Every structure is written in C-alpha cells, then in structure tokens.
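Comments concern the structure below.
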Amino acid sequence: MKKIGFIILIFSFFLLPAGPVSAAVEYSVNPLLSSVTYSYHFDHPVFDFELSGIDFLYALTVENTGATANIGVDKLCLYQDDGNNVFDGMAIDTDLGCGNWSVDGQYWYWDDLAVFLGDNPRLFITVETTTLSRSIPLQLRIPTYYDQADDGLFDAGVDRGLFVLGETGLPLSDLMDTSTHYLDSRSGSNADLFGPKIVVTNLDDGDTLLDGAYYTIEGQARDQGGSLINSLEVCIDEICQIGFDLQDNYLHWEYDWVFDGDGAHEIYVKSFDNAGNLSTTDPITVTVDNSAIYSRENSSYVVSKSVAGLNEVVSINFDIRDVNNDPKSDIFVEVNPFSTVGVRIDKESGYSDENGSIVFETWSNVAGEVSYDIYVDEVYFSSFYINYEVAAVDFPVLDFETGRFIKLADQPAVYFLGADNVRHAYPTQKIWESYWGSDFSQVEVVTNDAMAGYNLGRNVTFKTGTLMKIPSVPKVYQVQNTGEIRWVPDELTANLLFGEGWASLVKDLPESFFTDYAESTVLTSG
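Going letter by letter, the sequence shown gives residues -23 to -1, 1 to 503 in mature numbering (1 follows the signal peptide of the UniProt record, and there is no 0).
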C-alpha cells in the first residue's frame, strides 16, 4: 500500500501560482456519446469531468462498473484540458500520466498527480486498448469518497474517490457517465482500418510568422491500430514534402518550411501506416510576414575610436534597421573580442532596443591590436580592430632628491624646492618616507614671504621602485621615474621581481593623488 503525505503536497502547493480564493466546490460529468474503439487504439476519451473551485488534485480512483474490470484495457490515461474546452489529447492537452491498476481495489488510481487546476478544471480520461477478441463494455465512474484511515492520505487499494487540497468527502456519491464505450474486436482485412493520429504542436490556425527565412514545423504522430507509420508528409499550398522522423516512428517529427514569399498559406499533414490507412489533419491557414524583417544592408555600427590608451573605454554603437529602414527592436547582437588577455567588454551580447540601438563598451589594460567579431541575429556581420597603445607619460623626469626641503613654522606640509625655485608638495608622509624614512633633519623652516615667492609645481610622487596601490582598484603598480607607473599583472610576476614578501612593500595612495601618475606598459618578469 502506498500513502501520499499531506505535508509534502502542501510544500508543492506553495510552489504553484497564487490566485484568488476558490469559489464553491463543484464537480460534474460532461456526458459523452457511447462509442466503439478497437485493438491497439489510444487517446479515445471515455470519461469527461470537471472539478471547479478546487485548486489542487493529488489522487483519484476510477473503476469500471461492469463485470469485465480491466479486461481489454492496456491503459487509462488522464489529461488536463489545455484551455480549448474540447478534448485534443496527445501533445496538446496536458498529459498527467496513466493510472495504475489495483488488484485489491479493482480500480485504476493516480496517486502522485500534484495537479493545479486553476483556470483549467476540465479533465479527460482516455483508454488505450490491448488485443481484443470480443466486445467488452467500459462504463467508468469515480466512486464515492472513502478514506479508511480517515487521515486525508490516499491509501492505494483501500481508499476511493477524489483526494484534493482543502476538501474531503469528494464525491459525495458516485460520479458517473451513463454512456457505455465498447472495446470491440476486428479480424482479417477489417483488423485495422484506421490511420495515424497526427498533431502539429507549434502552429495554430490564424498564426502569423515574422522575421525569418524558414520555420521548423513540429508535431507528433502515432498509429491507431498497432501498425507502424509508413510515411508522413507536410503539405503547404498542396505541395507535400516528407517530414523528418526524430523519435520512435514519428512520435516526434519536424519539417523545415523554407518561405517562398509573404502571404497566407494553407498547411495540413498527412500520413500512411503500413496497412495503407491514410490520415489527414484539418487544414490551417498561416501567414508569413517578413515585411519588417531585420536588414543587414540597412544596419550599421560605429566604433568610437580605432586607437585607444590603456584602460580607455571605446564604445561600439549599433543601429539595427529593418527592410523598410525603420529601427528594429529585439535583434540579438554579439561582440566577441578575439583576445582574452587584458581585454574587457561590458557585455558579450544583448538585444536592440525600440530605437534599434544597442551599445557595447570595451577596454584593455594590455597594449596591442585586438580584433573583434560581430554577429547579428546569430549570423556573422563584420569585424573591426582597436589598437591599444601605452599613453605617453606627460610628466618630465624630475629629481626630487637634489635640492632643499622647506616648510612653514606653523604648518606640517613639507615641500621639495628645486634649483628652478619651484616647490613641490609631499602629499602624504608615506611619500616622504619612500625617500628619507622618518628623518626630517634636512627640512628648513622658511618665512611666509619666502614661501610665497616660490611657484607651486606638481606634487612629489613616490620614489622610483616603490610598489603602490589605491583602495578602489585591485591593482599593484611599481613607480618608474617621477610619476610613471607600471602594473604588476599577477602574483607570479611580483614574487619573481620583489620576492615572496612583496605584499608588505605595497604603499597605499589616497585616490585624490592618483592623477599625479600616468600608467605605461605592463611590468614583466623577463
């Protein structure tokens, strides 16, 4: 015996879409006409019912009222209506699986459904037959609710009825269709007179297809009567072509429809089984409209510059247009840099906006020429190049060691005074210490008038060879000359050049003074 825990199902319920409070619970049968089906047929509806005002169904039982029980029945399968409010079955309605037969209970049961009914409360039960040697009646019912343990948990083989969230005791009496369905036998030349069931799964009557040179029509097919499918053709405007068999004798098939022009087209699918039986779907009308398709010829892009400095941002601006030269939205654009060393890009791909625009930004911290490939709508569009160059250091090389060191009596700021009588401020104590440590014995105190007589030049920078960084950028630089800095690209380079204790040598520089420096080439260990 198998029990379904209510706690587990409560957890599943919270994963379902939230909705308004359910209306009053109603359950009813939609009567079917009595019917006949034959050996090895499937998707034949034999019970049609609705469970309104019920959010969540997790178990039910169905039994044959006749004495034949499950004779002739290979499977009973459950579908939830897809919203068309009519039975469609295979590949259209939601397949909820086939029931298990309980020898103890003499019924079919579904005990792990986790079905959210919501706006689609209509359910169908279909029969799939096995070998039939005589006519067998099938009249189904959902029996009156019975929960032997009275615990709200479905116990297969013992309990009966409907088990739903928030309700017990459903149905109060047998839910039954008075029509009888006969599982009948055929033999000889009459054994199989039915063609395959064919379904188109991704096209509906009245659809319009936009933006493309072709469309892949998909569907499913399965033979009624147990034969194999011999052929399947997709017919467009009465021109029929063979579809591709992708799985289990056309259980999944496809056909690539190459458009030959805009306008309305009539489509149907036909299939023969090995017994020569033919099935044809009802024709549907589908319109092809490529009047606003993306145009390669009308689309363009602009690269803001072909030569850039290190870490200088370059923008790539796209203008995507259709065949009418109007802006085209939702077109997929990719920009792929050929090199991954030092090259960065703000995004690798994206979609054009309502103005047909999309902008990419790229930069590099490594010098050299970089190639970029562009793909639009997943097709190669163009390539361009950017040459990243080391920016020339604007600062002249200055000697901050040979000269005088001066300050005012009442101010802590210290200045280097060169032979040209231009004074240069030490912006931080760490910069002074990179030259002289904690020794201030060389510093002279001058008068205010004397200080005012010296022009103010650029700030003193860290001493050549110093390792420095700023807080917002995870990069370490070595100072070259008086203001030129070179990036130490990785820990291996740092270890080789400065030893394993290199991290303790790094000096912090406030970001406000970073403009005193200019970045040049990347430092290498060679």
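Yeah, the Cβ is synthetic: ideal placement off N, Cα and C, and Gly gets one too. Only a predicted model underlies this, so the values are computations on that prediction, with no experimental measurement involved.
{"query": "Grab the span of the beta strand (DSSP E) containing M445 for me, first residue to last.", "result": "444 to 446"}
{"query": "Could you name the residues that DSSP lists as bridge partners for L139?", "result": "L37, L147"}
{"query": "Mind checking which residues open and close the beta strand (DSSP E) that includes Q197?", "result": "191 to 200"}
{"query": "Going by alpha carbons, who is nearest to N313 out of G82, I322, D330?", "result": "I322"}
{"query": "Answer yes or no: do L444 and V499 have a C-beta to C-beta separation smaller than 8 Å?", "result": "no"}
{"query": "CB-CB under 7 Å to V327, same chain, minus the five flanking residues each way: which ones, in chain order?", "result": "Per the sequence shown, residue 327 should be read as Gly rather than Val. The answer, listed in chain order, is V310, I335."}
{"query": "Should N47 be labelled buried (16 or more other beta-carbon atoms within 10 Å of its own) or exposed?", "result": "buried"}
{"query": "Can you tell me the Cα-Cα spacing of F140 and Y357, whole angstroms?", "result": "57 Å"}
{"query": "What residue range does the alpha helix (DSSP H) around T501 cover?", "result": "First-last for T501: undefined, no H or E at that position."}
{"query": "Count the C-beta pairs between the stretch 183 to 192 and the stretch 261 to 268 that are closer than 8 Å, then say yes if the count reaches three, no if not.", "result": "yes"}
{"query": "Using CA coordinates, which residue listed in S292, D182, N332, E346 is at the minimum distance from S316?", "result": "E346"}
{"query": "What is the DSSP secondary structure of I308, counted as helix, strand or coil?", "result": "coil"}
{"query": "Give, in chain order, every unbroken run of the beta strand (DSSP E) that is at least 3 residues long and sits entirely within the stretch 390 to 417.", "result": "392 to 394, 399 to 402"}
{"query": "Across which residues does DSSP place R273 in a beta bridge pair?", "result": "Partner(s): none; R273 has no beta bridge."}
{"query": "Going by CA-CA distance only, name the one from Y35, K52, Y123 that's closest to H21.", "result": "K52"}
{"query": "Do the CB positions of L160 and T14 come within less than 8 Å of each other?", "result": "yes"}
{"query": "Is the CB-CB distance between I293 and P304 below 8 Å?", "result": "no"}
{"query": "Taking the alpha-carbon positions, what's the S283 to N226 distance?", "result": "57 Å"}
{"query": "Who are the near neighbours of F377 in its chain, counting only those whose CB is closer than 6 Å to its CB and skipping five residues on each side?", "result": "F393, V437"}
{"query": "Based on the DSSP secondary-structure assignment, which residues constitute the bridge partners of W85?", "result": "V39, W78"}
{"query": "Applying the 10 Å Cβ sphere with the 16-neighbour rule, what's the burial state of T103?", "result": "buried"}
{"query": "I'd like the list of long-range same chain contacts for G333, defined as Cβ closer than 7 Å, with 5 residues on each side in sequence excluded.", "result": "D296, I297, R298, P304, K305, S306"}
{"query": "Along the chain, where does the beta strand (DSSP E) that runs through T339 open and close?", "result": "334 to 341"}
{"query": "Reducing DSSP to helix, strand and coil, say where F93 ends up.", "result": "strand"}
{"query": "List in chain order: all unbroken beta strand (DSSP E) runs of 3+ residues lying wholly within the stretch 1 to 37.", "result": "3 to 6, 12 to 14, 21 to 29"}
{"query": "Going by the DSSP bridge assignment, what does K384 pair with across the sheet?", "result": "V422"}
{"query": "Helix or strand or just coil, what does DSSP make of N256?", "result": "What sits at residue 256 in the sequence shown is Ser, not Asn. In the structure shown, S256 sits in a strand (DSSP, three-state: E or B)."}
{"query": "Can you tell me whether A427 is helix, strand or coil according to DSSP?", "result": "helix"}
{"query": "Can you give me the start and stop residues for the beta strand (DSSP E) that L100 sits inside?", "result": "99 to 106"}
{"query": "Along the chain, where does the alpha helix (DSSP H) that runs through T264 open and close?", "result": "Note, T264: premise wrong, no alpha helix (DSSP H); beta strand (DSSP E) at 261 to 266."}
{"query": "What is the rounded straight-line gap between the Cα of Y123 and the Cα of D136?", "result": "5 Å"}
{"query": "I need the straight-line Cα distance from S329 to V353, nearest angstrom please.", "result": "10 Å"}
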